[in-house]
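This report concerns only the one structure given below.
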Amino acid sequence: MDYSQEQINELKMKAIKVRANILEMIPPGKVGHLGGSSSIADVMAALYFSEMQVNPGNPKDPARDRLIMSKGHAVLVQYACLVELGFFDRSELAKVKTFNGMLQGHPDMDRTPGIEAVTGSLGQGLSISLGMAMGLKLDGNDARVYTICGDGELAEGQIWEAIMASHGFNANNLTAIVDYNGVQATDTTKKIFPIENLCEKWKAFGWNVLEIDGHDMVQILGAIDAAKAYKDGPTVILAHTIKGKCFPFAEGKAKYHNASMTEEEYKIAWECIDRMKREI
């Protein structure tokens, strides 16, 4: 599908708004997953505001596409998209991770409209997604399933069992997207648990592999469209990203995997949001 420059710019603005919503949820002194939420924000904006079929008026619409945050700790970015679509009121953003709010620190399908599964125990999301994808095929439902995985999460063995099974069952309605930012909770993935040659590994397990710049909206949209068109099995999109993207004090730093911002950092973050809007 061809996209006009106007459409691309609109999605870039959506990605900026998503990052702004993330900031709203974690003001100074409040701990939150800024790094891994902002790294995947561009991909999430493309999915929710262009590629996926979702229905805020009927969150359980059988025809909807499903998105599973396997890296559930980064659910702030999903909340940031869902609120823009009208799945819940903006007042909920201020109540993130409180007993009075519906938006918890990890996805909760019972409390939050638009959430498809309880995740955050890393490694399980792709298995859940495969089950959903196969159920849709059995029902003759053309909906698709998207799974957001972290690159650090790929150290989990269950992920690779799901990868094998997805090829074995020809889950061509399943797209996995790896937030390939190279940084996990305490250090780089290379230092913690290096998994080399990801492209070759996924190919060896029978997947269609696409490798992109996860901050380039044109590449993101092209990869998602290519995944939809591929009918011979599941597709994985290895999206090269920067942890903490767009917030210079946080970019590439494990500290901001889950941390609170200072007043000065928070001010800088909003200045970055304003600058990005002007540059589009």
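First residue of the sequence shown: 0, per numbering that gives the first Met the number 0; consecutive thereafter. By construction, the Cβ of each residue, glycine as well, lies at the ideal position given by its N, Cα and C atoms.
By the Cβ criterion, the stretch 44-53 is not in contact with the stretch 240-251, since fewer than three pairs of Cβ atoms, one from each stretch, lie closer than 8 Å. A Cβ-Cβ separation of about 7 Å places Asp150 in contact with Gly181 under the 8 Å criterion. Below 8 Å, enough C-beta pairs join the stretch 66-78 and the stretch 90-105 to call them touching: three or more.
For Arg18, the secondary structure class from DSSP, reduced to helix, strand or coil, is helix.
Contact annotation: Asp178 and Gly35 have beta-carbon atoms nearer than 8 Å. As DSSP reads the structure, Asp178 sits in a beta bridge with Gly149 and Ala238.
Inter-residue distance for Thr188 and Lys252 is about 12 Å (C-alpha atoms, whole angstroms). Around the Cβ of Thr185, a 10 Å sphere holds fewer than 16 other Cβ atoms; the residue is exposed. With 16 or more other Cβ atoms from the protein chains shown falling within 10 Å of its own Cβ, Arg18 counts as buried. Of the candidates Lys190, Met133, Ala154 and Glu195, the residue whose Cα lies closest to the Cα of Leu173 is Met133. For the 8 Å CB-CB criterion, Gly213 and Asp88 do not form a contact. Per DSSP, Ile211 is not a residue of any alpha helix (DSSP H); the beta strand (DSSP E) it occupies stretches across Asn207 to Asp212.
Under the three-pair Cβ rule at 8 Å, the stretch 112-127 counts as touching the stretch 154-161.
Here the alpha carbons of Leu237 and Lys59 stand approximately 29 Å from one another. When DSSP states are grouped into helix, strand and coil, Ala161 belongs to the helix group.
Around the CB of Pro233, 16 or more other CB atoms lie within 10 Å, so the residue is classed as buried.
For Val144, the secondary structure class from DSSP, reduced to helix, strand or coil, is strand. With 16 or more other Cβ atoms inside 10 Å of its own Cβ, Leu153 counts as buried.
In this structure, Val95 lies away from Ala258, with their beta-carbon atoms at least 8 Å apart. In this structure Asn99 is exposed. Its beta-carbon is surrounded by fewer than 16 other beta-carbon atoms within 10 angstroms. Between Val235 and Ala175 a beta carbon distance of about 4 Å is seen, short of the 8 Å cut, so the two are scored as contacting. By the criterion of a C-beta distance shorter than 7 Å, Ala14 is surrounded in its chain by Ala40, Asp41 and Ala44, once the five residues flanking it on both sides are discounted. It is roughly 6 Å from the alpha-carbon of Ala62 to the alpha-carbon of Ala142. Look at Arg89 here: in three-state DSSP terms it is helix. Going by DSSP, Met51 is part of no alpha helix (DSSP H) at all; its letter is neither H nor E. Relative to the Cα of Asp1, the nearest Cα in the group Ile219, Asp231 and Thr261 belongs to Ile219.
A straight line joining the alpha-carbon of Glu199 with that of Ile162 spans about 13 Å.
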